[in-house]
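Trainee: Residue numbering for the sequence shown follows our numbering, starting at 1431 and increasing by one per position.
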Amino acid sequence: LTLIEKAIQILGELETTKGKKAVGGEFAIALTSLGNNYRRRKQYAMALMTYNRALGYVPRHFSAQIGKGVVLTHAKRFPEARKEFEAILDNEQLTQPEQAQAWFYLGKTLCDSQLNREAGIAAFEQAIKLKPDYEAAFEAKDSCL
């Protein structure tokens, strides 16, 4: 955590001299790492703030978007989480593994919310179609049934 915060401080200093564009990618990575740390500690408000800040540098930063969606799900803000995962899936530049991961988390959100289990199961099936050895998706689908 200390190293991440130090990297963010240095990137902030570089941003003032070289501009946002010069450090945006690195800033998004560092902020996402910090957000992941907050998420693991269940500090959801701080995690969301940090992921949003990362997305301010790179709007379609996959890891920050996934992290944000996961935090929203953990915070039981299911409609917002669903919207986040659907926005991720709108990105035509996702790799097949990224698509599978986004479908997986959409499925978890839909099943955890208990609002639309059928759509959750369909999301898991889509993840499995994209990644046939996706063991976590098989297990999540079984627990959603």
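Beta carbons: idealized from backbone N, C-alpha and C, even for Gly.
Predicted model, so just to flag it, every value in this text is computed and none were measured.
Should glutamate 1514 go down as buried or exposed, given a rule of 16 or more other Cβ atoms within 10 Å for buried?
Mentor: By one-based count along the sequence shown, residue 1514 stands at place 84. So glutamate 1514 counts as buried.
Trainee: Could you check if alanine 1475 is buried or exposed, using at least 16 other CB atoms within 10 Å of its CB as the buried criterion?
Mentor: Indexing the sequence shown from 1 puts residue 1475 at position 45. When all chains shown are included, alanine 1475 counts as exposed.
Trainee: CB isoleucine 1438 to CB leucine 1461, shorter than 8 Å?
Mentor: The residue labelled residue 1438 in the question sits at position 8 within the sequence shown. The residue labelled residue 1461 in the question sits at position 31 within the sequence shown. Contact: yes.
Trainee: Tell me which same chain residues have a C-beta within less than 8 Å of the C-beta of alanine 1517, skipping the five on either side of it?
Mentor: As a position in the sequence shown, residue 1517 is number 87, starting the count at 1. Same-chain partners within the cutoff: Gln1495.
Trainee: From lysine 1498 to phenylalanine 1568, what does the alpha carbon distance come to, in whole angstroms?
Mentor: As a first step, residue 1498 is located in the sequence shown; it is residue number 68 there, counting from the start. As a first step, residue 1568 is located in the sequence shown; it is residue number 138 there, counting from the start. Rounded to whole angstroms, lysine 1498 to phenylalanine 1568 spans 23 Å at the Cα level.
Trainee: Roughly how many whole angstroms lie between the Cα atoms of glutamine 1529 and glutamate 1435?
Mentor: Stepping through the sequence shown from its first residue, residue 1529 is reached at position 99. Stepping through the sequence shown from its first residue, residue 1435 is reached at position 5. About 30 Å.
Trainee: Please classify threonine 1503: is it buried, with 16 or more other beta-carbons within 10 angstroms of its beta-carbon, or exposed?
Mentor: Here residue 1503 is taken as the residue at index 73 of the sequence shown, counted from 1. Threonine 1503 comes out buried.
Trainee: For asparagine 1467, which residues from the same chain have a beta carbon less than 6 Å from its beta carbon, with the 5 sequence-adjacent residues on both sides left out?
Mentor: Sequence index remark: in the sequence shown, residue 1467 carries index 37 (1-based). Same-chain partners within the cutoff: Leu1431.
Trainee: Determine the contact status of glycine 1454 and tyrosine 1487, defining contact as a CB-CB distance below 8 Å.
Mentor: Against the sequence shown, residue 1454 aligns to sequence position 24. Against the sequence shown, residue 1487 aligns to sequence position 57. Between glycine 1454 and tyrosine 1487, the gap from beta carbon to beta carbon is short of 8 Å.
Trainee: Helix, strand or coil: which one does DSSP assign to glutamate 1522?
Mentor: Mapped onto the sequence shown, residue 1522 falls at position 92. Correct three-state label for glutamate 1522: coil.
Trainee: Put lysine 1544 into one of helix, strand or coil per three-state DSSP.
Mentor: As a first step, residue 1544 is located in the sequence shown; it is residue number 114 there, counting from the start. The question names lysine, yet the displayed sequence has glutamine at residue 1544. Looking at glutamine 1544 - three-state DSSP - the assignment turns out to be coil, as it is neither helix nor strand.
Trainee: Express the C-alpha separation of proline 1509 and arginine 1490 in angstroms, rounding to a whole number.
Mentor: Residue 1490 sits at position 60 when you count from the first residue of the sequence shown. Residue 1509 sits at position 79 when you count from the first residue of the sequence shown. Answer to the nearest angstrom: the Cα atoms are 20 Å apart.
Trainee: Since leucine 1478 and valine 1501 are thought to touch, with beta carbons under 8 Å apart, how far apart are those beta carbons, to the nearest angstrom?
Mentor: Looking up residue 1478 in the sequence shown gives position 48. Looking up residue 1501 in the sequence shown gives position 71. Right, the Cβ-Cβ distance comes to about 6 Å (below 8 Å), so this counts as a contact.
Trainee: Can you tell me whether DSSP reads leucine 1431 as helix, strand or coil?
Mentor: Taking the sequence shown and counting its residues from 1, one reaches residue 1431 at position 1. Here leucine 1431 sits in coil by DSSP.
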